[in-house]
Structures are given as C-alpha cells and as structure tokens.
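S.K.: Numbered as in UniProt numbering, the sequence shown ends at 117 without a single skipped number.
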Amino acid sequence: MERWLPVKGYPGYEVSDLGRVRSTDREIVTVRGFRRRYRGQMLAPGRAKSGHLTVRLGKTDSQYVHILVLTAFVGPAPQGHECLHKGDVKDDNRLERLRWGTRSENMYELWENGCRG
Numbered sequence: 001m002e003r004w005l006p007v008k009g010y011p012g013y014e015v016s017d018l019g020r021v022r023s024t025d026r027e028i029v030t031v032r033g034f035r036r037r038y039r040g041q042m043l044a045p046g047r048a049k050s051g052h053l054t055v056r057l058g059k060t061d062s063q064y065v066h067i068l069v070l071t072a073f074v075g076p077a078p079q080g081h082e083c084l085h086k087g088d089v090k091d092d093n094r095l096e097r098l099r100w101g102t103r104s105e106n107m108y109e110l111w112e113n114g115c116r117g
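1) Enumerated in chain order, which unbroken segments of the beta strand (DSSP E) with a length of 3 residues or greater are wholly contained in the UniProt domain "NUMOD4" (2-57)?
2) Kindly identify the DSSP beta-bridge partner or partners of Arg99.
3) I'd like the list of long-range same chain contacts for Tyr10, defined as Cβ closer than 6 angstroms, with 5 residues on each side in sequence excluded.
4) Of the residues Ser104, Pro6, Tyr38, which one's Cα is nearest the Cα of Glu82?
5) Opposite Ser62 in the DSSP bridges: which residues?
6) Could you give the DSSP three-state label for Ala77: helix, strand or coil?
7) Thinking Ser16 and Glu2 are a contact (beta carbons under 8 angstroms), I'd like their distance in whole angstroms, please.
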C-alpha cells in the first residue's frame, strides 16, 4: 500500500514511497476575508536535463522528486552523500530504488551499469 508523508519545508504537499507528489486539500483566507477551498491534486512531474524528475512546489520552487522521497522517508542526506538510483534508472523514484551514498559510489555504479561518460 502506498504511504504518504509530508514534504519537509513545504506545508501542503506530500510525497509517497512510490515517488509521487501531491498537494493536500487546503483553505485560505483572501485579502477581503473570504474563505476559499482548494482541492489537493497529484503533481505532474517535469524532466530536468539530467533525466531526473522534478516537481514545482509553490509558485516558483522546483525540487527533484528523488530527493523529496529520501528526505521524507529516510531523513536528510548525511554529510558528503547524494541520492543514488539503483540501476541508474533516473525516473524510477520508488523508495526501494533509492539510497544515500557517496559520489564515488555513484560513479562506480554508473560505470558498472555501462555509463562511460
């Protein structure tokens, strides 16, 4: 079953262990004092030049989906670590396919999977 956790630093957004991101139902008060309700919805990811998936949180902030998943479910990256995708499939952001690792581990896995530069 898909599990959802809040996105750290972005109230009103949740990320799942399957790599999906959604906004939550929310109510705001307008400048004139009226209450307005917004329904939560699944966010459609974009693709960065690197091939990684990104989502826009708020009006202008774009974040990598794999970083949101690992940060929510595992915690922040340890010093000197980055996100590693098992098998170097950059658009597979399921928690089971992600882990924190060093840059050298990432380069070794890229080499093992046939990426030569």
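Every residue gets a Cβ at the ideal spot worked out from N, C-alpha and C, and that includes glycine. None of these values were measured; they are calculated from a predicted model.
M.R.: The structure says:
1) 4-6, 13-16, 21-23, 26-29, 35-38, 53-57
2) For the purposes of this step, residue 99 is identified with residue 99 of the sequence shown, where counting begins at 1. In DSSP, Arg99 forms a bridge with Leu84.
3) As a working mapping, residue 10 is identified with position 10 in the sequence shown. Leu57.
4) Translated into the one-based positions of the sequence shown, residue 82 becomes position 82. Glu82 has its Cα closest to that of Ser104, out of Ser104, Pro6, Tyr38.
5) Position 62 of the sequence shown, counting from 1, holds the residue named residue 62. Ser62 is bridged to Arg56.
6) Your numbering for residue 77 matches position 77 in the sequence shown. The answer is coil: DSSP assigns Ala77 none of H, G, I, E or B.
7) Within the sequence shown, the letter at position 16 stands for residue 16. Within the sequence shown, the letter at position 2 stands for residue 2. About 5 angstroms separates the two Cβ atoms, so the contact holds.
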